[in-house]
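K.L.:
Structure below; questions to follow.
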Amino acid sequence: MKKNYPTPHINATPDDIAKTVLMPGDPLRARFVAENFMENAVLFNNVRGVSGYTGSYNGKKVSVMASGMGMPSMGIYSYELFNFFDVDNIIRIGSAGSINDNVKVRDIVLGMGACTNSSYAEQYHLAGTYAPIASFSLLRRAADMAEKLKLSYHVGNLLSSDTFYNEFSEDTLDWSKMNVLAVEMEAAALYMNAARSGKNALAICTVSDSLLTGESLPALERQTSFTDMMKLALEVATGDI
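According to this note's numbering, the stretch in the sequence shown is residues 2 to 242, in order.
Here you go:
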């Protein structure tokens, strides 16, 4: 594949971007990570308001860039990073809604797998159903680091949904019967792009609300307060993967 850059969505060169990229959905969360955790962070992209920064953490080069919301947006940005900018690892850092009694608001979920109601995998013309999973090297390091940091975390399946507002909410809750822990909107596309590209990916999500209890965090707290998740992801990103 010819590597044309800049792309229509990322105005950068491969040298501008680290081999490991953290990807929140929200551009403001990307800026928060850059300003509060990274040293010497430099803006490398702001096309369409999608901010990307490269700096250092623990003395190692790392980047953070927003993905936008939903699998089509994650699909575009992660595809370009993997295939045009030589990125090896993408760690999603985002929010999720709990659909499991044991997963509480502010807990962290490490997405071992990502079930989905999306047709994203149909582009590959597979004669069956693909199971999107995280890269074990990233997942193992994240679980080990979460233990070391004494975080309240869970490892299990996410549901990557194409819809945020669902007319039939019981359809989402049905996934809990299969021991799916939480619902979000990006991980499955990220995992499929990583697999297709021969690269690595992991979704780390903080639970922002519960579909079971109705408890929910305000928007500002979602943007700025998920610091445990951010630190965990940065420790994983700058460790030996």
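Ideal Cβ positions, reconstructed from N, Cα and C, are used throughout, including at glycine.
Quick check on Leu221: does DSSP put it in helix, strand or coil?
P.N.:
For the purposes of this step, residue 221 is identified with residue 220 of the sequence shown, where counting begins at 1. If DSSP states are grouped into helix, strand and coil, Leu221 belongs with the helices.
K.L.:
How would you call Lys200, buried or exposed, if buried means at least 16 neighbouring beta carbons within 10 angstroms?
P.N.:
Locating residue 200 in the sequence shown gives position 199, counting from the first residue. Burial call: buried.
K.L.:
Should Met179 be labelled buried (16 or more other beta-carbon atoms within 10 Å of its own) or exposed?
P.N.:
The residue given as residue 179 occupies position 178 in the sequence shown. Label assigned to Met179: exposed.
K.L.:
If you drop the 5 nearest sequence neighbours on each side, which residues of the same chain put their C-beta closer than 8 Å to that of Arg197?
P.N.:
Position 196 of the sequence shown holds residue 197. Excluding positions up to five away in sequence, the list reads Tyr125.
K.L.:
In this structure, does DSSP put Phe38 in helix, strand or coil?
P.N.:
In the sequence shown, the residue the question calls residue 38 occupies position 37. In this structure, Phe38 counts as helix in the three-state DSSP scheme.
K.L.:
Given Val208, which residues of its chain have a CB within under 8 Å of its CB, disregarding the five upstream and five downstream residues?
P.N.:
Mapped onto the sequence shown, residue 208 falls at position 207. Answer for Val208: Ser96, Ala97, Gly98, Ser99, Val104, Lys105, Val106, Arg107, Asp108, Ile109, Val110 and Ala183, listed in chain order.
K.L.:
Do Asn158 and Ser79 count as a contact pair if the criterion is CB distance below 9 Å?
P.N.:
Along the sequence shown, one-based indexing puts residue 79 at 78. Along the sequence shown, one-based indexing puts residue 158 at 157. Not in contact: Ser79 and Asn158 (Cβ atoms no closer than 9 Å).
K.L.:
Would you kindly report the start and end of the unbroken beta strand (DSSP E) that includes Arg93?
P.N.:
If you number the sequence shown from 1, residue 93 lands on position 92. First-last of the beta strand (DSSP E) with Arg93: Asn90 to Ser99.
K.L.:
Let me confirm a value: Val43 is counted as buried when at least 16 other C-beta atoms fall within 10 Å, else exposed. Which label applies?
P.N.:
In the sequence shown, counting from the first residue as 1, residue 43 sits at position 42. It is exposed - the Cβ of Val43 has fewer than 16 other Cβ atoms within 10 Å.
K.L.:
If Ala31 sits next to Ser136, beta carbons under 8 Å apart, how far is it from one beta carbon to the other, in whole angstroms?
P.N.:
By one-based count along the sequence shown, residue 31 stands at place 30. By one-based count along the sequence shown, residue 136 stands at place 135. The pair is not a contact, with the Cβ atoms about 22 Å apart (cut-off 8 Å).
K.L.:
Could you spell out where the beta strand (DSSP E) holding Met186 opens and where it closes?
P.N.:
Position 185 of the sequence shown holds residue 186. Taken as a continuous stretch (DSSP letters only), Met186 belongs to no beta strand (DSSP E), as it is neither H nor E.
K.L.:
Cα separation between Ser161 and Met186?
P.N.:
For the purposes of this step, residue 161 is taken as the residue at position 160 of the sequence shown. For the purposes of this step, residue 186 is taken as the residue at position 185 of the sequence shown. Their Cα atoms are separated by approximately 4 Å.
K.L.:
Secondary structure at Ile11, three-state DSSP: helix, strand or coil?
P.N.:
The count along the sequence shown starts at 1 and reaches residue 11 at position 10. Of the three classes helix, strand and coil, the one that applies to Ile11 here is coil, per DSSP.
K.L.:
Go ahead and pull the three-state DSSP assignment for Lys4.
P.N.:
The residue given as residue 4 occupies position 3 in the sequence shown. Coil, per DSSP.
K.L.:
Just mark Arg49 as buried or exposed, buried being the case when its beta carbon has 16 or more other beta carbons within 10 Å.
P.N.:
As a position in the sequence shown, residue 49 is number 48, starting the count at 1. Exposed is the call here.
K.L.:
Nearest-angstrom Cα distance between Met113 and Asn47?
P.N.:
Taking the sequence shown and counting its residues from 1, the one referred to as residue 113 is at position 112. Taking the sequence shown and counting its residues from 1, the one referred to as residue 47 is at position 46. Those two C-alpha atoms are separated by around 31 Å.
K.L.:
What would DSSP say about Asn46, mapped onto helix, strand or coil?
P.N.:
By 1-based counting over the sequence shown, the position of residue 46 is 45. The answer is strand: DSSP assigns Asn46 an E or B state.
K.L.:
How far does the alpha helix (DSSP H) with Ala234 in it reach, from first residue to last?
P.N.:
By one-based count along the sequence shown, residue 234 stands at place 233. Per DSSP, Ala234 belongs to the alpha helix (DSSP H) from Thr228 to Ala238.
K.L.:
By DSSP's criteria, Leu23 is part of a beta bridge. Which residues make up the other side?
P.N.:
The sequence position of residue 23 within the sequence shown is 22, counting from 1. For Leu23, which the question treats as bridged, DSSP gives the partners Val65 and Ile92.
K.L.:
With H, G and I counted as helix, E and B as strand and the rest as coil, what does DSSP make of Thr117?
P.N.:
The count along the sequence shown starts at 1 and reaches residue 117 at position 116. DSSP places Thr117 in strand when its eight states are reduced to three.
K.L.:
Does the structure place the segment 209–219 close enough to the segment 137–151 that three or more beta carbon pairs sit under 8 Å?
P.N.:
Result no; under three Cβ-Cβ pairs closer than 8 Å.
K.L.:
Where DSSP assigns a beta bridge to Gly215, which residues make up the other side?
P.N.:
In the sequence shown, counting from the first residue as 1, residue 215 sits at position 214. Bridge partners of Gly215: none, in fact.
K.L.:
With DSSP as the reference, identify every bridge partner of Ile205, one or two as the case may be.
P.N.:
Within the sequence shown, the letter at position 204 stands for residue 205. According to DSSP, which records beta bridges pairwise, Ile205 is partnered with Ile94 and Leu111.
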